[in-house]
Amino acid sequence: MDIVKEIWKIAETHLTDPGQFVVDVVVSARKGPKKVLVILDGDTGISIDDCADISRAVSKVLDEAGYFEDNYTLEVSTPGVDHPLKFARQYAKHVGRRLKVKVAERTVEGKLESVTAEAIVLGEETGTGKKKETITTAIPFSQIEKAFVLVSFK
422 MDIVKEIWKI AETHLTDPGQ FVVDVVVSAR KGPKKVLVIL DGDTGISIDD
472 CADISRAVSK VLDEAGYFED NYTLEVSTPG VDHPLKFARQ YAKHVGRRLK
522 VKVAERTVEG KLESVTAEAI VLGEETGTGK KKETITTAIP FSQIEKAFVL
572 VSFK
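For my numbering, add 421 to where a residue sits in the sequence shown, where the first one is 1.
This is the structure in structure tokens:
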């Protein structure tokens with residue numbers, strides 16, 4: 422039995438909005454009490470109340486089915502800035518924000534201009550001063566190794 426897949430299925434069955442989805446499930450490999458992390462997202466975001474509801478539901482199923490012999494810690498949250506975008510549907514809500522995208526040959530940073538079914542389009546600034554220009558780059562999802570939303574404190 423793959424515990425990660427099982428927890429993923431349990432979490433998915435308790436999502437209340439069709440725009441919500443599971444991004445990742447991580448179960449720590451350490452000895453002692455296990456830590457279970459369920460990361461959720463939504464096409465229009467996800468609220469803390471949604472996380473709490475799903476946490477209670479998943480915890481209840483895990484406890485009743487006896488998935489863990491010992492105590493465990495369950496954390497249900499949304500992806501933070503340190504968590505990469507994993508699914509194409511996560512990009513749409515970040516249009517207008519800056520991304521750092523790792524592709525095979527290089528890393529591209531730029532403003533997310535648009536998202537299609539096959540690719541993202543980044544506006545990458547080059548040059549400085551009066552020679553500054555924006556180059557538009559289309560990056561197919563199949564070429565993206567990792568992508569992070571960059572947080573600006575301006």
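Using N, Cα and C, we set each Cβ at its ideal position, and we do this for glycine too.
Keep in mind the model is a prediction, meaning the values are calculated, not measured.
Grab the span of the alpha helix (DSSP H) containing THR434 for me, first residue to last. To locate residue 434, count along the sequence shown from 1; it is residue 13. THR434 -> alpha helix (DSSP H) spans 424–434.
Classify VAL522: buried if its beta carbon has 16 or more other beta carbons within 10 angstroms, exposed otherwise. Along the sequence shown, read from residue 1 onward, the residue named residue 522 stands at position 101. Label assigned to VAL522: buried.
Rounded to whole angstroms, how far is the Cβ of VAL446 from the Cβ of ILE428, which I believe are closer than 8 angstroms? Residue numbering aside, residue 446 sits at position 25 when the sequence shown is read from its first letter. Residue numbering aside, residue 428 sits at position 7 when the sequence shown is read from its first letter. That pair is a contact at about 5 angstroms.
Going along the chain, which unbroken runs of the alpha helix (DSSP H) with 4 or more residues stay wholly within the region 459–511? 469–486
Under a three-way DSSP split, which group does LYS532 fall into? Residue numbering aside, residue 532 sits at position 111 when the sequence shown is read from its first letter. Looking at LYS532 - three-state DSSP - the assignment turns out to be strand.
Please name the residue or residues paired with LEU571 in a DSSP beta bridge. Locating residue 571 in the sequence shown gives position 150, counting from the first residue. Looking at the DSSP assignment, LEU571 forms no beta bridge with any residue, so it has no partner.
Check whether the Cβ atoms of GLU566 and ALA509 lie closer than 8 angstroms to each other. As a first step, residue 566 is located in the sequence shown; it is residue number 145 there, counting from the start. As a first step, residue 509 is located in the sequence shown; it is residue number 88 there, counting from the start. Not a contact, by the Cβ cut-off of 8 angstroms.
Looking only at DSSP bridge pairs, what is GLN564 linked to? As a first step, residue 564 is located in the sequence shown; it is residue number 143 there, counting from the start. DSSP, once it has assigned bridges, lists no residue as partnering GLN564.
Please classify VAL457 as buried or exposed, where buried requires at least 16 other C-beta atoms within 10 Å of its C-beta. For the purposes of this step, residue 457 is taken as residue 36 along the sequence shown, with counting starting at 1. By the 10 Å Cβ count, VAL457 comes out buried.
Indicate the three-state DSSP secondary structure (helix, strand or coil) for LYS521 in the structure shown. Residue 521 sits at position 100 when you count from the first residue of the sequence shown. Looking at LYS521 - three-state DSSP - the assignment turns out to be strand.
CYS553 and GLU545 closer than 8 angstroms at C-beta: Counting from one through the sequence shown, the residue named residue 553 turns up at place 132. Counting from one through the sequence shown, the residue named residue 545 turns up at place 124. Before going on, a small fix: residue 553 reads as Lys here, not Cys. Against a cut-off of 8 angstroms, the Cβ pair of GLU545 and LYS553 comes out as no contact.
From the DSSP secondary-structure annotation, give me the bridge partner or partners of GLY544. Taking the sequence shown and counting its residues from 1, the one referred to as residue 544 is at position 123. LYS532, THR557.
Stretch-stretch touch, CB-based, cutoff 8 angstroms, three pairs: the region 448–456 with the region 477–494: yes
Under the three-state reduction of DSSP, which class applies to LYS552: helix, strand or coil? If you number the sequence shown from 1, residue 552 lands on position 131. Correct three-state label for LYS552: helix.
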